[in-house]
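Residue numbers (the working numbering), protein chains in the order written: chain U, 6 to 291; chain B, 38 to 314. Report on the structure given below.
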Amino acid sequence: MTASTVRPSPDRPRAAGAVPGTGDPPTPRAAGGPRRRASRRTTVRVLNVVSIVGGIAIWWVLALAGFQFPTPPEVVSKAVELWQAGTLTQDVLASLGRVLTGFLLGSALAIPVGFLMGWYSVARGLLEPWIQFFRTIPPLALLPLVLVLLGIGELPKVFVIFLAAFLACVISTYQGVVSVDRTLINAATVLGAKDGTIFARVVVPASTPFILVGMRVGLGSSWATLVAAELLAAQAGLGYRMQQAQLYYDLATIFVGIVVIGILGLVMDRLLLLAESKLTGWQERR
Amino acid sequence: MTRTTQTRTTPAATQGVGGTAKISVQHVRKTFALKNEEFVALDDVSLDIADNEFVTVVGPSGCGKSTLMNVLAGLETPTSGHARVDGADVTGPGPERGVIFQQYALFPWLTVRKNIEFGLKVAGLGKAERREKAEHFIDLVGLGQFADALPKMLSGGMKQRCAIARAYAVDPSILLMDEPFGALDALTRVTLQEQLLDTWSREQRTVMFITHDVDEAVFLANRVVVMAARPGRIYDVVDVDLPYPRTEEVRLSPEFAALRNRVWRSVYHQTPAATRP
C-alpha cells in the first residue's frame with residue numbers, strides 16, 4: 006500500500022503568492038443581479054448533489070459487477086460497527102490530537118518567524134536558506150531519521166506534522182509581510198506612527214490574508230503527513246487502522262478510513278475558510 | 038524664462054507668520070543613481086510658500102514634482118539643500134505635515150471612521166475625543182452616511198474624501214497632496230475640486246498640491262508652480278488672482294481662460310534646459 010493512495014485533504018494548495026482570500030469555489034460575478042446569482046447558485050448545488058449521488062451509484066454498480074469493492078451499505082454498517090466498538094472514536098481522536106497539536110504548534114511558530122523574516126533582513130538572511138531547503142523535502146521523507154532520533158512514540162509523528170504546517174505557513178506569512186503596500190506604511194508614518202505601531206496596526210492586518218492561506222495549505226499538508234505517518238508507525242489512528250485492515254484484507258474498514266479522513270479534512274478546511282471570511286472580509290475583490 | 042521666487046505674501050497670508058515662509062525650500066537638489074549615471078530629479082529648486090497659501094505644482098512626468106513633495110513630507114532626503122516647514126528642517130515624516138496620496142492609501146480593514154481616527158489614536162487621544170473629532174471631519178467631507186463602511190464599499194471620490202478627512206483630523210499645519218484626483222474621472226474630479234476648496238476655506242491650511250492637470254492647477258491655486266524635466270526644476274511661476282470662492286462662473290470666465298492658456302504654454306511648450314557648464 007502506498008501513501009499516495011490517500012488523498013485526505015480537499016485543499017488544493019495554492020501558491021503562497023496567489024491573491025489570498027479570493028473565495029472557494031471562485032464565484033463568478035453574476036451580471037444579472039441577485040436573483041440570477043441565487044438561481045445559478047441553486048443550479049450549482051443541484052449539480053453537486055447529482056454528482057455525489059452519481060458517484061456513489063457508480064461505486065455501487067462497480068462493486069456489484071464483481072470488482073473487489075465493498076458496497077456502500079457494507080461500508081456504512083462497518084462504520085456503525087467500528088463506532089459501536091469504540092475503535093472509530095479512538096482512532097479519530099488519536100489522529101485529530103496529533104494533527105491539531107502539530108498544526109497549532111507549527112503555525113504558532115511560523116507566524117512570528119515569518120514576520121521576523123519579512124521585517125528584518127538579518128533574520129531573512131539567516132533563516133531563508135534553511136527554510137527554502139527544507140521546503141523542498143517532503144516532511145515524510147524525514148520520518149525515518151525522526152523515528153531513529155525521537156523513538157516511536159507520539160513525538161516523531163507530531164514533529165513531522167509540525168514541520169509540514171510550519172513550512173507551509175512560514176513562507177506565506179513572510180510573503181505577506183514583504184508584500185504589504187508601501188503606500189499604507191507611508192500613510193501610517195505621515196500620520197505619526199512609529200515602527201511598533203506600524204507593525205501592529207498595518208503590517209499584521211495587511212498580512213492576515215496571507216497567513217490564513219498559509220494555514221490552510223499547512224492544514225492540508227499536516228493532514229496528508231499525519232495519515233501517511235500513521236501508516237508507517239503508530240498504535241492507533243485512522244492510518245494505523247487502515248494499515249491493519251490491509252493485513253486482513255478488510256476492504257470495508259479501509260473504505261471507512263478513507264471516507265472519515267476525507268470528511269474530517271473537509272470540515273477543518275471549511276472552519277479555516279470561515280475564519281478567513283470573518284477576518285479578511287475587508288479585502289476588495291476584483 | 039525661469040523666474041526665481043522669493044518670499045511673498047498673498048492676500049490670504051497677511052495674518053501669517055510675520056514674513057517668514059510657512060514652507061521654505063532652499064536650493065534643493067535630489068539625485069538618484071541610475072545604472073552608471075546620475076538622474077537629477079530636482080536641480081536647485083527653491084520655493085517659498087506663505088501661510089495658508091494654496092500652491093499647485095504642475096509639470097510633465099519626470100519633472101520631480103512628486104520628489105519635491107516627498108522631500109517635504111520627509112519620505113525622501115534631499116541630496117543637498119534645505120526643506121523647512123515652520124522654520125524647522127524636515128528630517129522625517131511627521132503628523133504636522135499631512136499627506137494625501139494618489140492611491141488613497143486608506144487602511145482597507147478599517148471603517149471610514151476608524152481610518153480617520155487612526156492618526157488620533159497614534160497621538161494618544163482618548164476614545165471620546167477621537168470620536169468627536171472624527172465626527173467633525175466626517176461631516177466636513179460629507180461622508181456621514183458612510184462612517185461605518187469599509188473602504189471597499191466606497192467610490193474613488195469618496196475614498197479620497199475620506200483620505201482628506203484623515204489627513205485633516207490630526208490637525209496638520211500643512212497639507213501635501215500628490216495628484217489626489219489623478220485616478221478619478223473628469224466629472225468626479227471637478228466635484229472634488231470644489232469640495233476641496235470648500236473644505237479648505239473652512240479649515241484654512243497651507244497646501245501644496247501636485248497635479249498634471251492644467252485646469253485643476255489654475256482652478257485651485259493662489260499660485261501655480263510650473264516645473265520642467267531633465268533636470269527637474271522650477272520653470273515658471275504664475276500668480277492666480279481669481280477670487281475665492283471659485284465657482285463655476287470663475288471656471289468659465291475669460292480671466293480663468295487667460296491664466297489657463299498661460300500655464301498651458303508653460304507646461305507644453307518648454308524650452309529645453311540650457312546646458313550647464
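Even for Gly, the Cβ is constructed at its ideal location relative to N, Cα and C. Being a predicted model, the structure only gives us computed values, none of them experimental.
Which residues DSSP lists as bridging residue i, in chain order
{"i": "B/Leu71", "result": "B/Glu74"}
{"i": "B/Arg121", "result": "B/Ser61 and B/Asp126"}
{"i": "U/Met273", "result": "BP columns for U/Met273 are empty, so no partner."}
{"i": "B/Val244", "result": "B/Phe91 and B/Leu212"}
{"i": "B/Arg302", "result": "In the DSSP output, where bridge partners are listed per residue, B/Arg302 has none listed."}
{"i": "B/Ala265", "result": "B/Arg270"}
{"i": "B/Leu79", "result": "B/Lys67"}
{"i": "B/Leu84", "result": "B/Val62"}
{"i": "U/Arg103", "result": "DSSP lists no partner for U/Arg103."}
{"i": "B/Arg134", "result": "B/Ile211"}
{"i": "B/Val275", "result": "B/Val261"}
Below-9 Å beta-carbon distance, residue i vs any chain U residue
{"i": "B/Gln140", "result": "yes"}
{"i": "B/Gly189", "result": "In the sequence under discussion, the amino acid at residue 189 of chain B is Lys, which differs from the Gly named in the question. True, the Cβ-Cβ gap to chain U drops below 9 Å."}
{"i": "B/Ala110", "result": "yes"}
{"i": "B/Ala160", "result": "yes"}
{"i": "B/Trp301", "result": "no"}
{"i": "B/Pro132", "result": "yes"}
{"i": "B/Pro115", "result": "no"}
{"i": "B/Val122", "result": "no"}
{"i": "B/Gly219", "result": "no"}
{"i": "B/Leu233", "result": "no"}
{"i": "B/Val136", "result": "yes"}
{"i": "B/Phe316", "result": "Lying outside 38 to 314, the shown extent of chain B, residue 316 of chain B is not represented and no answer is given."}
{"i": "B/Arg203", "result": "yes"}
{"i": "B/Phe144", "result": "yes"}
{"i": "B/Leu105", "result": "no"}
8 Å CB neighbourhood of residue i in its chain, flanking five on each side removed
{"i": "B/Asp81", "result": "His64, Val65, Arg66, Gly118 and Arg270"}
{"i": "B/Val304", "result": "Val95, Gly96, Pro97, Val251 and Val263"}
{"i": "U/Gln73", "result": "Leu256"}
{"i": "U/Gln95", "result": "Ala241"}
{"i": "U/Leu155", "result": "Pro161 and Phe164"}
{"i": "U/Trp88", "result": "Thr94"}
Within-9 Å CB hit, residue i to chain B
{"i": "U/Thr213", "result": "yes"}
{"i": "U/Val208", "result": "no"}
{"i": "U/Gly26", "result": "Reliability fails at U/Gly26, whose pLDDT of 40 lies under 50, so the model's placement of it is uncertain and the value that follows must be treated cautiously. No, U/Gly26 lies away from the interface with chain B (no Cβ there is under 9 Å from its Cβ)."}
{"i": "U/Thr47", "result": "no"}
{"i": "U/Thr202", "result": "yes"}
Same chain, Cβ closer than 6 Å to residue i, five either side skipped, listed in chain order
{"i": "U/Thr76", "result": "Trp65 and Ala68"}
{"i": "U/Met122", "result": "Ala128, Arg129, Leu132 and Tyr179"}
{"i": "B/Trp301", "result": "Val251"}
{"i": "U/Arg275", "result": "none"}
{"i": "U/Arg246", "result": "Asp96 and Gly262"}
{"i": "U/Ala250", "result": "Thr258 and Ile259"}
Residue i: CB within 8 Å of a non-hydrogen atom of the ligand ATP
{"i": "B/Thr68", "result": "This structure lacks the ligand ATP, and indeed carries no ligand of any kind."}
Cβ shell of residue i (< 7 Å), same chain only, five flanking positions each side left out
{"i": "U/Arg46", "result": "none"}
{"i": "U/Met220", "result": "Ser112, Cys174 and Leu277"}
{"i": "B/Ala254", "result": "Thr93, Val95, Thr248, Val261 and Val300"}
{"i": "B/Gln307", "result": "Ala265 and Tyr272"}
{"i": "U/Val3", "result": "Nothing can be reported for residue 3 of chain U: it is not among the residues displayed for chain U, which extend from 6 to 291."}
{"i": "U/Ile190", "result": "Ile203 and Val207"}
{"i": "U/Phe120", "result": "Thr178 and Val182"}
{"i": "U/Trp287", "result": "none"}
{"i": "B/Glu292", "result": "Leu279"}
{"i": "B/Phe69", "result": "Phe76 and Ala78"}
{"i": "U/Ala35", "result": "Confidence in U/Ala35 is poor, its pLDDT being 42 and thus under 50, which makes the residue's placement unreliable; the coordinate value appears in the next sentence. Excluding positions up to five away in sequence, the list reads Arg41, Arg42 and Arg45."}
Query raised in the report: What are the residues of the stretch 169 to 198 of chain U that lie near chain B, defined by any Cβ-Cβ distance shorter than 8 Å?
Result: Asp186, Thr188, Leu189, Asn191, Ala192, Ala193, Thr194, Val195, Leu196, Gly197 and Ala198
Query raised in the report: Is the stretch 173 to 183 of chain U touching the stretch 108 to 116 of chain U, taking contact as three or more C-beta pairs under 8 Å?
Result: Yes, the stretch 173 to 183 of chain U touches the stretch 108 to 116 of chain U.
Query raised in the report: Can at least three beta-carbon pairs, one atom from the stretch 225 to 241 of chain B and one from the stretch 182 to 196 of chain B, be found at a separation below 8 Å?
Result: Judged by pairs of C-beta atoms under 8 Å, the stretch 225 to 241 of chain B touches the stretch 182 to 196 of chain B, as three or more such pairs exist.
Report task. Check whether the stretch 163 to 172 of chain U touches the stretch 116 to 133 of chain B, taking contact to mean three or more Cβ pairs, one atom from each stretch, closer than 8 Å. Result -> no
Report task. Return the residues of the stretch 266 to 291 of chain U that lie within a Cβ-Cβ distance of less than 7 Å from chain B, sorted by chain order. Result -> Trp287, Gln288 and Glu289
Report task. Tell me, please, whether the stretch 142 to 149 of chain U touches the stretch 124 to 132 of chain U by the rule of three or more beta-carbon pairs shorter than 8 Å. Result -> no
Query raised in the report: Taking one C-beta from the stretch 205 to 218 of chain U and one from the stretch 147 to 154 of chain U each time, how about it: are there three or more such pairs within less than 8 Å?
Result: no
Query raised in the report: Taking Cβ-Cβ distances below 7 Å as the criterion, which residues of the stretch 156 to 187 of chain B are in contact with chain U?
Result: Of all residues in the stretch 156 to 187 of chain B, Gly156, Val159, Ala160 and Leu187 have a Cβ within less than 7 Å of some Cβ in chain U.
Query - the stretch 210 to 224 of chain B / the stretch 175 to 189 of chain B touching (three or more Cβ pairs under 8 Å) - result: no
Report task. Please confirm if the stretch 144 to 155 of chain B is in contact with the stretch 122 to 134 of chain B, defined as three or more CB-CB distances below 8 Å between the two stretches. Result -> For the pair of segments examined, the stretch 144 to 155 of chain B was found not to touch the stretch 122 to 134 of chain B: the number of CB pairs separated by less than 8 Å stays below three.
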